[in-house]
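If you read the sequences in order, they're chains V and G. Counting in our numbering, the first sequence runs from 6 upward without gaps. Counting in our numbering, the second sequence runs from 194 upward without gaps. What follows is a set of notes on a single structure, which appears directly below.
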Amino acid sequence: MQRILILGGGVGGTLTANLLVRKLRRQLKAGEVAITVVDQTGQHTYQPGFMYIAMGGERADKLQRPERGLLDSRVNLVVGQVEKVDEPTRIVHLKDGERLGYDYLVLATGSRILPEAIEHFDTEAQHFYTAEAALKLRKALDGFKGGRIVVAIAGMPYKCPPAPLEVSFLIEAELRQRGLRQASEVHFCSPIGRAFTIESVSEMATPIFEQKGIELHTFFNVETVDAERHVIGSLEGEELPYDLLILVPPHKGQQFLIDSGLAPAPGGWLPTDRATLQVGGRPNMFALGDATDLPLSKAGSTAHFEAPVVTERIVAAIEGREPDHKHGDYLGKVMCFFEIGDGKGTLLQFDYEHPPRPPKPNQVWHLGKIVFNKTYWHTVPKGRV
Amino acid sequence: MTDTITTPAITRTIDARGSFCPGPLMELIRGIREAAVGDILSVYSSDKGSKTDIPKWIEKAGHRLVSLETRDGYDEIIVEKTH
Numbered sequence: 006m007q008r009i010l011i012l013g014g015g016v017g018g019t020l021t022a023n024l025l026v027r028k029l030r031r032q033l034k035a036g037e038v039a040i041t042v043v044d045q046t047g048q049h050t051y052q053p054g055f056m057y058i059a060m061g062g063e064r065a066d067k068l069q070r071p072e073r074g075l076l077d078s079r080v081n082l083v084v085g086q087v088e089k090v091d092e093p094t095r096i097v098h099l100k101d102g103e104r105l106g107y108d109y110l111v112l113a114t115g116s117r118i119l120p121e122a123i124e125h126f127d128t129e130a131q132h133f134y135t136a137e138a139a140l141k142l143r144k145a146l147d148g149f150k151g152g153r154i155v156v157a158i159a160g161m162p163y164k165c166p167p168a169p170l171e172v173s174f175l176i177e178a179e180l181r182q183r184g185l186r187q188a189s190e191v192h193f194c195s196p197i198g199r200a201f202t203i204e205s206v207s208e209m210a211t212p213i214f215e216q217k218g219i220e221l222h223t224f225f226n227v228e229t230v231d232a233e234r235h236v237i238g239s240l241e242g243e244e245l246p247y248d249l250l251i252l253v254p255p256h257k258g259q260q261f262l263i264d265s266g267l268a269p270a271p272g273g274w275l276p277t278d279r280a281t282l283q284v285g286g287r288p289n290m291f292a293l294g295d296a297t298d299l300p301l302s303k304a305g306s307t308a309h310f311e312a313p314v315v316t317e318r319i320v321a322a323i324e325g326r327e328p329d330h331k332h333g334d335y336l337g338k339v340m341c342f343f344e345i346g347d348g349k350g351t352l353l354q355f356d357y358e359h360p361p362r363p364p365k366p367n368q369v370w371h372l373g374k375i376v377f378n379k380t381y382w383h384t385v386p387k388g389r390v
Numbered sequence: 194m195t196d197t198i199t200t201p202a203i204t205r206t207i208d209a210r211g212s213f214c215p216g217p218l219m220e221l222i223r224g225i226r227e228a229a230v231g232d233i234l235s236v237y238s239s240d241k242g243s244k245t246d247i248p249k250w251i252e253k254a255g256h257r258l259v260s261l262e263t264r265d266g267y268d269e270i271i272v273e274k275t276h
C-alpha cells in the first residue's frame, strides 16, 4: 500500500487529491494506494473573495464550504492540526495525538498572516486577508466621512500581489460614488520603484493613478505604525500620515515546517525546486502554492497550475516510470484577474519565460473575475479547468 | 606583492530568475527583512530592469551594493545588509 498524505485542504491540496484519484483509479480500487488530506478546519475557504466582503457586498458564508464535499469520495479527510513531520519514520504527528504515516508527502500548507508582528496593527490598521478583517474594513469604510486613506504593505511576500492596488482603485471609485472624493485623499505605497512589479502592468496602472488622483509613494515598505501621531514609517526611513490605514500584514509559512526542519526560520517557506516542486531534493516530498519559497505570486492560481505537476510526479513514481516532462515540469504558469475599478478589469498571464502582456482594461475581464468567483466551487478544486 | 580580490561569503542566494510577480526586487526586500545585519545576499535576476531598480532601492534603504555582474542570461547582484 502506497500512502499519499496531503497536508492542507486549500486549492493546491484539494486539487492534487482529486487529480490523483483520476490517475490512480485502478490502484485505489485494488487497495494499492490510499490518499489522505489533512486540514485544520475541514472547511475550504475561497480567499480571493475576502476583498469583495470589503469592497463588493460579498458574504463570508458564501466563501466557505465543507472540504468533504469538494473531495472525491475515495479521498480520506482528517480534520486536525499538524504538530510535526518526522522524516526518519515518515510519520506526521497531529496535535490531538493522531499519527499518519506516508510514502509521499504533499505540503500544501499555505501561508499565515501575522498582523501582531507590527506593533499597533490591531488598533490602527485594517486589512482584508480574513473574512472577519474584511468585514471590519467594510465597517470602517462605511463610517469614513473624508480624510486620508493610505494603502500600504508591511511585509514580503504577501498573498496576491495585485490586491492592494486593486483595493486602492476600488476605494477611489467608491469614494466618488459616495460623493466623498473631494473630501478625501487616497495614497498607495508601493514597496518598489514603480506602481506594480510587472513593468507592463505598472505602465498600464500609472496613468490610472494619475487619472484617479491616487498619490503613489514608491520604495515605501512599512515597518512601523505610530499610534499616537497616526503615521506609518518605512524601512527606507520615510513617514506618511493617515486617517484610515489599510495595511497588508506580514506573512509567513507554517511554524511546524520550521519546527520539523523542513523550512528555514524566520520565513518558514519550503525550499522547493522550481520545476519538479520537490522539497529540498527529497524524491517523495512536494510543495505547492503559498508554502513554497519560489519567486512566484502567492495566489490560488499558482497552486492551481502546480497541482498537475505534483500529481504527475507522484503517479509516475507509483507506476515506476519517469515523469512525463510535458506534465511533470512546472514552467511557472500563473494566471489571474486584476480589478481596475469602475467595472473594469484585465488579465495577467505569465510563466518563467514569458512576461504578462495584459489586455487593455475592459468590462469583460471584470465580469470574468465575477464569474470565476461564482463558479470556483464547481471548477477549480474538482479539476474541471 | 600580489593583489587579492576578496569575494565576500554569500549568506544566502535568491534565485529570482523568471520572476515577474512578485519580481526580483520584492524577493530581495523579503530576503533583507529576513536577514541579519552583516549578511551578504546574492540575487539572480533575468529582469533587465533589476540592474537599475535594485541598486536604486539599495541606496534608498541604506544598504551596500557589493557588486553587480552580468552572467549567462541573468544578472547577479550582491548586497550587504548594513542596518
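The beta-carbon is built from N, C-alpha and C at its ideal position, and this holds for glycine as well. Quick caveat: nothing in here was measured; it's all calculated off a predicted structure.
- prompt: Under a CB-based cut-off of 8 Å, is K244/G close to chain V?
  reply: Residue 244/G sits at position 51 when you count from the first residue of the second sequence. So, not an interface residue.
message: Between E171/V and chain G, is the shortest Cβ-Cβ distance under 8 Å, so that the two count as touching?
response: In the first sequence, residue 171/V corresponds to position 166, counting from 1. It does not; no Cβ of chain G falls within 8 Å.
- prompt: Where does the unbroken alpha helix (DSSP H) through V16/V begin, and where does it stop?
  reply: As a working mapping, residue 16/V is identified with position 11 in the first sequence. It spans V16 to K28 - the alpha helix (DSSP H) in which V16/V sits, taken as one unbroken run.
message: Tell me the residue span of the beta strand (DSSP E) that contains K253/G.
response: Counted from its first residue, the second sequence places residue 253/G at position 60. Counting along the chain, no beta strand (DSSP E) covers K253/G; the unbroken alpha helix (DSSP H) around it starts and ends at S243 to A254.
message: Between the alpha carbons of D248/V and R234/V, how many angstroms are there, rounded?
response: What you label residue 248/V is simply residue 243 of the first sequence in a count that begins at 1. What you label residue 234/V is simply residue 229 of the first sequence in a count that begins at 1. Take the alpha-carbon of D248/V and the one of R234/V: they are about 10 Å apart.
message: Once the 5 residues before and after G305/V are set aside, which same chain residues still bring their CB inside 6 Å of it?
response: Here residue 305/V refers to the residue found at position 300 of the first sequence. Result list for G305/V: V16, in chain order.
task: Kindly list, in the order they appear in chain G, the residues whose Cβ is closer than 7 Å to that of M161/V.
output: The residue given as residue 161/V occupies position 156 in the first sequence. Residues of chain G with a Cβ closer than 7 Å to the Cβ of M161/V are, in chain order, M219, I222, R223 and R226.
- prompt: With 8 Å set as the bound, which would you pick, yes or no: does the beta-carbon of K249/G sit closer than that to a beta-carbon of chain V?
  reply: Looking up residue 249/G in the second sequence gives position 56. Yes - at least one Cβ of chain V is within 8 Å of the one on K249/G.
query: In this structure, what does DSSP give as the bridge partners for R394/V?
result: An answer regarding residue 394/V cannot be provided, because it is not within the stretch 6 to 390 covered by chain V.
query: Under 9 Å Cβ-Cβ, which residues of chain V neighbour S212/G?
result: Locating residue 212/G in the second sequence gives position 19, counting from the first residue. Within 9 Å Cβ-Cβ: T202, L299, P300, L301, G337 and Y357.
task: Can you pull the chain G residues whose beta carbon is under 7 Å from the beta carbon of L240/V, in chain order?
output: For this step, residue 240/V is matched to residue 235 along the first sequence. Result: A254.
query: What is the residue span of the alpha helix (DSSP H) that P313/V lies within?
result: The residue labelled residue 313/V in the question sits at position 308 within the first sequence. Where P313/V is concerned, the enclosing alpha helix (DSSP H) stretches over G305 to E324.
message: If contact is defined by three or more beta carbon pairs under 8 Å, each pair taking one atom from either stretch, is the stretch 268–279 of chain V in contact with the stretch 179–191 of chain V?
response: With a cut-off of 8 Å on Cβ pairs, the stretch 179–191 of chain V is not in contact with the stretch 268–279 of chain V, counting fewer than three such pairs.
query: Do you know whose CA, among H49/V, R104/V, Q32/V and R27/V, lies nearest L10/V's CA?
result: Position 5 of the first sequence, counting from 1, holds the residue named residue 10/V. Comparing Cα-Cα distances from L10/V to each of H49/V, R104/V, Q32/V and R27/V, the minimum goes to R104/V.
- prompt: Considering G36/V, what are the terminal residues of the beta strand (DSSP E) in which it resides?
  reply: Position 31 of the first sequence holds residue 36/V. Run containing G36/V: none; DSSP gives neither H nor E here.
field: V369/V versus L76/V, E324/V, D356/V and K349/V, residue with shortest Cα-Cα distance
entry: On the first sequence, residue 369/V is found 364 positions in, with the first residue counted as 1. Ranking the options by Cα distance to V369/V, first place goes to K349/V.
query: Pick from P201/G, W250/G, A228/G and G242/G: whose alpha carbon is nearest that of R210/G?
result: For the purposes of this step, residue 210/G is taken as residue 17 along the second sequence, with counting starting at 1. Looking at the Cα atoms, G242/G is the closest of the given residues.
- prompt: Taking all protein chains shown into account, do 16 or more other C-beta atoms lie within 10 angstroms of the C-beta of P201/G, making it buried, or fewer, making it exposed?
  reply: Counted from its first residue, the second sequence places residue 201/G at position 8. Looking at its Cβ environment, which holds fewer than 16 other Cβ atoms inside 10 Å, P201/G is exposed.
task: Under 8 Å by Cβ, that's how I've got V314/V and L282/V pegged, so tell me the actual separation to the nearest angstrom.
output: The sequence position of residue 314/V within the first sequence is 309, counting from 1. The sequence position of residue 282/V within the first sequence is 277, counting from 1. The beta-carbon separation of V314/V and L282/V, rounded to 6 Å, stays under the 8 Å limit for a contact.
Buried versus exposed, by CB contacts within 10 Å (16 or more), R393/V: With chain V covering only 6 through 390, there is no way to say anything about residue 393/V.
Bridge partner(s) assigned by DSSP for Y237/G: By one-based count along the second sequence, residue 237/G stands at place 44. Looking at the DSSP output, Y237/G shares a beta bridge with D208/G and E269/G.
task: Just the chain G side, please: which residues come within less than 9 Å of I263/V by C-beta, in chain order?
output: If you number the first sequence from 1, residue 263/V lands on position 258. Against chain G, a Cβ distance below 9 Å from I263/V picks out nothing, because the smallest value is about 12 Å.
- request: Spell out a yes or no on whether the stretch 222–232 of chain V and the stretch 93–100 of chain V are touching, meaning 3 or more CB-CB pairs, one atom from each, closer than 8 Å.
  value: Of all C-beta pairs linking the stretch 222–232 of chain V to the stretch 93–100 of chain V, fewer than three are shorter than 8 Å, placing the two stretches out of contact.
query: Going along the chain, which residues of the stretch 350–379 of chain V sit with their C-beta nearer than 9 Å to a C-beta in chain G?
result: Within the stretch 350–379 of chain V, the qualifying residues are L353, F355, D356, Y357, E358, H359, P360 and P361.
query: The alpha helix (DSSP H) spanning D264/V covers which residue range?
result: What you label residue 264/V is simply residue 259 of the first sequence in a count that begins at 1. In the DSSP assignment, D264/V falls within the alpha helix (DSSP H) that extends over Q260 to D264.
- request: Output the boundary residues of the beta strand (DSSP E) element that contains Q48/V.
  value: Numbered from its first residue, the first sequence carries residue 48/V at position 43. Per DSSP, Q48/V belongs to the beta strand (DSSP E) from Q48 to T50.
field: Cα-Cα separation between T21/V and D356/V, rounded to whole angstroms
entry: One-based indexing of the first sequence puts residue 21/V at position 16. One-based indexing of the first sequence puts residue 356/V at position 351. Taking the straight line joining both Cα atoms gives about 20 Å.
task: Would you check if the distance between the CB atom of S116/V and the CB atom of H309/V is smaller than 8 Å?
output: Residue 116/V sits at position 111 when you count from the first residue of the first sequence. Residue 309/V sits at position 304 when you count from the first residue of the first sequence. No, the Cβ-Cβ distance between S116/V and H309/V is not below 8 Å.
query: Since G272/V meets chain G, which of its residues come closer than 8 Å, beta carbon to beta carbon?
result: Here residue 272/V is taken as the residue at index 267 of the first sequence, counted from 1. Contact annotation for G272/V against chain G: R223 and E227 [CB-CB distance below 8 Å, chain order].
message: I need the straight-line Cα distance from Y109/V to E220/G, nearest angstrom please.
response: Taking the first sequence and counting its residues from 1, the one referred to as residue 109/V is at position 104. Taking the second sequence and counting its residues from 1, the one referred to as residue 220/G is at position 27. So the alpha carbons of these two residues sit roughly 30 Å apart.
task: Could you work out which residue in V90/V, L33/V and R8/V is closest to S265/V when comparing CA atoms only?
output: In the first sequence, residue 265/V corresponds to position 260, counting from 1. Measuring from the Cα of S265/V, the nearest candidate turns out to be V90/V.
Contacting positions in the stretch 214–240 of chain V - beta carbon closer than 7 Å to chain G: For the stretch 214–240 of chain V, the set of residues with a beta-carbon nearer than 7 Å to any beta-carbon of chain G comprises F224, N226 and L240, in chain order.
field: Proximity winner among P217/G, I207/G and I271/G, relative to F201/V (alpha-carbon distances)
entry: Translated into the one-based positions of the first sequence, residue 201/V becomes position 196. Here the closest residue by C-alpha is P217/G.
message: So if DSSP puts F343/V in a beta bridge, which residue, or which two residues, is it bridged to?
response: Position 338 of the first sequence, counted from the start, is the residue given in the question as residue 343/V. F343/V is bridged to T351/V.
- prompt: Helix, strand or coil: which one does DSSP assign to A202/G?
  reply: Residue numbering aside, residue 202/G sits at position 9 when the second sequence is read from its first letter. Of the three classes helix, strand and coil, the one that applies to A202/G here is coil, per DSSP.
task: Give the single residue among P363/V, M161/V, L240/V and D147/V whose Cα lies nearest to the Cα of V206/V.
output: Your numbering for residue 206/V matches position 201 in the first sequence. Minimum Cα-Cα distance from V206/V among the listed residues P363/V, M161/V, L240/V and D147/V corresponds to P363/V.
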